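Notes follow the structure.
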Amino acid sequence: MAEAVLNETLLSYVHRRNMITTQITQMQNSKTLASAQTRDLADWRTDRYKAVRNECKNIFTTTYVNNPQYTYHDYTEIPEYAEEIEYVDCYYESQVEEMTSWEAILQNQITTLSTELQEINSYMDSYKTMISENIKNDYNYAEGIS
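Take a look at the structure:
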């Protein structure tokens, strides 16, 4: 009977271990996704810089060149360029901060689950030892009776 109770306890730990392993895998996949999204965000920023630069070059050449009212020397001095670049930088920084925070939360959860997994593995080892000892004692007891 003791073996059955120990075996049932061991099986519940196996079940919990499998659930934790699945959760850790899902969280690691989410971290990978967050890293990919951060890279995509960096690509977006680079593409947006190029688009803003091209657009502001066009505005500069059509509006500000040969216009004595303005003293801009190149497109980087016009207000539209500075405003758009500031927006791109602020948006990028906020999104990266959000992704970094998300990755940190995932890493903390992975660490917590990994610790629990190690504890479960230790418990499982001790229960396996107890089951083995109980079976050995039952066998030795049965041999002594016959």
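Numbers 0 to 145, taken from my numbering, label the letters of the sequence shown in order. Ideal placement from N, C-alpha and C gives every residue a C-beta, glycine not left out. Owing to the predicted nature of the structure, the values given are computational and were not obtained by experimental measurement.
Between Y48 and I58, the CB-CB gap reaches or exceeds 9 Å. Each of I109, Q94, A3, N139 was checked against the Cα of N28, and the nearest Cα belongs to I109. The way I'd put it, the stretch 124-134 doesn't touch the stretch 30-46; fewer than three beta-carbon pairs between them come closer than 8 Å.
Taking C-beta separations shorter than 6 Å and ignoring five residues to either side along the sequence, the partners of W101 in its chain run A33, following chain order. E83 sits away from E115, with the two beta carbons spaced by 9 Å or more. Residue T45 holds the alpha-carbon nearest to the alpha-carbon of Y91 among A103, T45, Q25, Q117. In the three-state scheme derived from DSSP, where H, G and I count as helix and E and B as strand, V64 is classed as coil. Taking T20 as the centre and dropping the five residues before and after it, the same chain places no C-beta closer than 6 Å to its C-beta. Distance between Y86 and T37, taken at the CA atoms: about 18 Å.
Distance from the CA atom of Y71 to the CA atom of A81, rounded to whole angstroms, is 13 Å. N133 places its beta carbon 9 Å or farther from that of R16.
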